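Heads up: the structure comes next, in structure tokens.
In the numbering used here, the protein residues as written are 143 to 466.
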């Protein structure tokens, strides 16, 4: 399946001329619940699992836990354990603190996916033209070649993760239970068994949960975005501080650190520089009064290296079009 990236004319030309793509930090995207939305589902499931765990304990053990946690009933203990686990993880992983960056810093490049043979495959999606590609283009990338490039990127630079993944959408709690069973079980284990204060076991359980939580949180979005059928490139570079921790623990790292480049607003970005590996497959020229003009501009730019086709969607953006 190909990757569809809708963008305005200026950005499309920059991408093609530089043969690069920009990844934006997760908290600069247009979803106010970015990396947080999964918690509204996950916290309830962990809470329920901890409650079951607690109820199945011998009375003596229950009393000991109540004494340690200072929570005198099952509901409060379960709710507290689930909320604490997610709050701590989110704070450590995604929040910057004074003189200390977030442990995990996800940068994201967003694409849509359209089935081959569907109308959108050669014409684009109207909502995306309106939102991102006004009088612009849709750059279509080869997913397989993109995945291969990311393998080379991981070999050259040190990342927490560097991968391409399809977004999951929060349909309902039943869908969430089915699709995230492993994450839920890992969360219940970390939130409940950690109360025994066994440091070695707690470290293992937290490590298991965090690994899964990170992967799921960056690709779990609100159902309102489902039309986009989003696929993401997710980049989380290991910075200087985390690298030093790894090296102190005896891990030898021979890969380079990925540079973060600030834009005009001072927000950090990461660039994937493809050079001769640029996986552009075709370009769709968005609808509009000047579509033929933009078609010729793009054909001159790509010089026959990829097909350039016109969207047949009869849409005119009245807020930006030039009256003729």
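All C-beta atoms in this analysis are idealised placements derived from N, C-alpha and C, irrespective of residue type, glycine included.
Every value quoted in this text rests on a predicted model; they were computed, and no experiment measured them.
{"Query": "Close-in-space but distant-in-sequence residues of the same chain around residue 334 (CB under 6 Å, 5 per side omitted)", "Result": "192 and 195"}
{"Query": "Terminal residues of the beta strand (DSSP E) in which residue 413 lies", "Result": "410 to 415"}
{"Query": "Residues sharing a beta bridge with residue 308, DSSP", "Result": "373"}
{"Query": "Boundaries of the beta strand (DSSP E) in which residue 423 is found, first to last residue", "Result": "422 to 427"}
{"Query": "Residue range of the beta strand (DSSP E) that includes residue 148", "Result": "145 to 149"}
{"Query": "Neighbourhood of residue 421 by C-beta distance below 7 Å, restricted to the same chain and skipping five residues each side", "Result": "283, 284, 287, 288 and 291"}
{"Query": "Three-way DSSP call (helix, strand, coil) for residue 398 in this model", "Result": "strand"}
{"Query": "Reduced DSSP secondary structure (H/G/I, E/B, other) of residue 224", "Result": "helix"}
{"Query": "Coil, strand or helix - residue 442 by DSSP", "Result": "helix"}
{"Query": "Residue 189 versus residue 378 - alpha carbon distance", "Result": "29 Å"}
{"Query": "Exposure of residue 430, with buried meaning 16 or more beta-carbon neighbours within 10 Å", "Result": "buried"}
{"Query": "Residue 315, DSSP secondary structure in three states", "Result": "helix"}
{"Query": "Contact the region 248 to 263 vs the region 151 to 170: 3+ CB pairs below 8 Å", "Result": "yes"}
{"Query": "Where the beta strand (DSSP E) containing residue 279 begins and where it ends", "Result": "279 to 283"}
{"Query": "Under the three-state DSSP convention, the category residue 327 falls into", "Result": "helix"}
{"Query": "Sub-8 Å separation of residue 306 and residue 380 beta-carbons", "Result": "no"}
{"Query": "Beta-carbon gap between residue 263 and residue 149 smaller than 8 Å", "Result": "no"}
{"Query": "Residue range of the beta strand (DSSP E) that includes residue 250", "Result": "249 to 254"}
{"Query": "Residue 272, enclosing alpha helix (DSSP H) - first and last residue", "Result": "268 to 273"}
{"Query": "Inter-residue spacing [alpha-carbon to alpha-carbon] between residue 294 and residue 397", "Result": "11 Å"}
{"Query": "Rounded straight-line distance, which links the Cα of residue 415 to that of residue 274", "Result": "22 Å"}
{"Query": "Residue 94 burial status per 10 Å Cβ neighbour count (16 or more: buried)", "Result": "Residue 94 lies beyond the stretch modelled for the chain, which goes from 143 to 466, so this question has no answer here."}
{"Query": "Proximity below 8 Å, CB of residue 354 to CB of residue 332", "Result": "no"}
{"Query": "Residue 332 in three-state terms, based on DSSP", "Result": "helix"}
{"Query": "CB contact flag (residue 426, residue 458, <8 Å)", "Result": "no"}
{"Query": "Of the residues 364, 437, 390 and 375, the one placed nearest residue 172, counting alpha carbons only", "Result": "364"}
{"Query": "Residue 158 versus residue 322 - alpha carbon distance", "Result": "38 Å"}
{"Query": "Straight-line Cα distance separating residue 176 from residue 310", "Result": "12 Å"}
{"Query": "Residues near residue 228 by beta carbon distance below 7 Å, same chain, minus five either side", "Result": "181, 184 and 185"}
{"Query": "Nonlocal neighbours in the same chain, by C-beta distance under 8 Å from residue 433, ignoring five residues either side", "Result": "427, 452 and 453"}
{"Query": "Inter-residue spacing [alpha-carbon to alpha-carbon] between residue 349 and residue 232", "Result": "14 Å"}
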